[in-house]
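Please read the structure below before turning to the comments.
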Amino acid sequence: SKRSVMVLPLVDLCAKEVVSDHSSSPGWLGCVPRELYRPLLDAAFTNCRPLAVGELVQRWPERTLRVGGRRRQGQSPPNRLCVQALLLAVVRGLGVRRRMEMERRKESAAAPVGGSAGEESDHSEDTEVVVVHVRADLFVNARSWDRARAALGTPGPLKLQCRYIRVEELSVSSIRSLLDLLPRSCLMGVDIRYSCLGVAGLALLLPQLAAFPALSSLRLHYCNLDVRRDIAGQEGDTTFQDRGCVHILPKHSKRPVFLVVLSRSSLSQPLEVLELPYLSLTPADLAYLSCSPHASSLQQLDLSENRLDESAVPSLRQLLSRASGCLVHLSLSGCGLTNELLAALLPSLARCRSLKSLALALNPLHLAGLLELVRTAVGMASLRQLLYPNPLEDYQPGLPPMPTSAQLLDWPLDELVAVHEATSLQAITLIVCGGHRLYDFKAFYEL
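Going by full-length UniProt numbering, 370 is the number at position 370 of the sequence shown; the sequence numbering is gapless.
Right, dumping it as structure tokens:
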């Protein structure tokens, strides 16, 4: 069998050697061609050379400096010392540039100027400030909230901009304050986790997102947002204000509460990424989502741990139909899908021609249903990863007829599971090999 070996280009090997010895930097920093700055900086980050990072950034020949981005498999994130060296070099270089600008303006002001227009022009130049835009993905939690607020709210020549923001353990008021400080033009994604939002808090938060025209990704994980429990457990109606209008969600309301709030937020464009696990979405929520403007634009959808039944299947099928040309990643793990429910969804899943990843872990499937799933997956030309559950035959006796995902996760496997597993994998291998295609099929217990 052929073994793939990653061969570094010669320029990368040379760059690694150059930045490895900091004592030699005075000899080469003054004569580096501008086209070699990028491989040298990449080598400095890859090999954790913060001093080389700082010196290269201070002399950076372009107006734009980009670091990070999507990491390759197995690639480590940038070293913290290297990131700090980069930021310090930016600030230091900014100070030098400002001093040079001020000296240039003084020299210009000392030269003879004809007419008042020239004087006004010089005066306006004196009021200009050098601005460096730092575009970054931010992670903010309760401990870093004060620092993030100071960095975003302090005026100066260094402007912090955010493309994707992830917040954890923050109150609704803190999240809203943070969003108020973010520049409007570049925010593309919001990820909120471990925050007690509640329906009323969510109703306050989502309309605020309409101010970000480039927003295309919304993730809500572990936000204590059980809509059914919130509505049924409250003393009275839920009241919230949206654009000056007062909306009332009646107690025991069966309307699609979450997605009605989402619809009233009037986002500037349809979402491409929507992750809503553990929200106890109702069939009415799914019915709204299937008819919403977001359905035909979704590339990534996570509905994990939202329990589905027969009444939700038609809406989910319609949603999959509308997203069939664009949906790339879908997670329905822990949704209570039985053999019968999955069989009703398989034709719609098979028509998702762009789907690359499908997660169905922790669903109560028997072996027959699992094998039918694999047969369908083999026929999907784009699919590359399938995460499937243990068949119910693998568990010890006593499992409830309709087990929850938590029960499936905690229930012990049968002592003879090796025999069952071998039978399951043998059958799956037979199906996959018959399709003459290579897959990344994984049972949940293998991860």
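Where a beta carbon is used, it is the ideal one built from N, C-alpha and C, also for glycine.
Nothing here was measured: the structure is a model prediction, and the numbers come from that model.
What are the boundary residues of the beta strand (DSSP E) that residue i is part of?
i           : result
residue 451 : Here the chain covers residues 1 to 447 and nothing more, so residue 451 does not appear.
E393        : Where E393 is concerned, there is no enclosing beta strand (DSSP E), given that its DSSP letter is neither H nor E.
E275        : V273 to E275
Y388        : Q385 to Y388
L267        : Neither: L267 is in no beta strand (DSSP E) and is coded neither H nor E.
Specify the secondary structure class of residue i as computed by DSSP and reduced to three states.
i    : result
V190 : strand
K159 : strand
L359 : Here residue 359 turns out to be Ala, not Leu, going by the sequence shown. If DSSP states are grouped into helix, strand and coil, A359 belongs with the strands.
R375 : helix
L279 : coil
S331 : strand
H22  : helix
L51  : helix
L365 : coil
R59  : coil
L65  : coil
R219 : strand
Under DSSP, the alpha helix (DSSP H) around residue i begins and ends at which residues?
i    : result
S405 : S405 to D410
L41  : Y37 to T46
S348 : N339 to A350
R149 : W145 to G153
Examine the ligand SAH and report whether any of its heavy atoms sits within less than 6 Å of the Cβ of residue i.
i    : result
L182 : By its list of ligands, the structure shown contains no ligand whatsoever, and the ligand SAH lies outside what it can speak to.
Using C-beta distances below 6 Å, list every residue in its chain close to residue i, excluding the 5 sequence neighbours before and after it, in chain order.
i    : result
L182 : C162
G93  : Q58
F318 : Checking the sequence shown, residue 318 turns out to be Gln, not Phe. Taken in chain order, the residues that qualify are S290.
A287 : S315
L41  : L56
Is there at least one Cβ from chain C nearer than 7 Å to residue i's Cβ?
i    : result
L399 : You won't find chain C in this structure, because it holds only one protein chain.
Might you give, ordered along the chain, the residues of its own chain that have their beta carbon closer than 7 Å to the beta carbon of residue i, omitting 5 neighbours on each side?
i   : result
P39 : V11, D12 and A15
E17 : none
Spatial neighbours of residue i within its chain, please: CB distance less than 8 Å, with the 5 preceding and 5 following residues excluded, ordered by chain position.
i    : result
L413 : N390, D394, Y395, Q396 and Y445
Please specify which runs of the alpha helix (DSSP H), each continuous and at least 4 residues long, are wholly inside the segment 290-324, giving them in chain order.
-> If we require 4 residues or more, the alpha helix (DSSP H) runs fully inside the segment 290-324 come out as 313-322.
Quick one: which unbroken beta strand (DSSP E) runs of 3-plus residues sit fully inside the segment 162-217? Chain order, please.
-> Positions of the beta strand (DSSP E) runs, each at least 3 residues long and wholly inside the segment 162-217, are given as 189-193 in order along the chain.
Touch check for the segment 204-222 and the segment 187-194: three-plus C-beta pairs under 8 Å?
-> At 8 Å Cβ cutoff, the stretches touch.
Can you find at least 3 beta carbon pairs, one from the segment 353-360 and one from the segment 386-398, that sit closer than 8 Å?
-> With contact defined as three or more Cβ pairs closer than 8 Å, the segment 353-360 and the segment 386-398 are in contact.
So does the segment 42-62 actually touch the segment 79-89, counting three or more Cβ pairs closer than 8 Å?
-> Short answer: they touch.
Could you tell me whether the segment 317-332 touches the segment 293-303, using the rule of 3 or more Cβ pairs below 8 Å?
-> With the cut-off at 8 Å, the segment 317-332 and the segment 293-303 touch.
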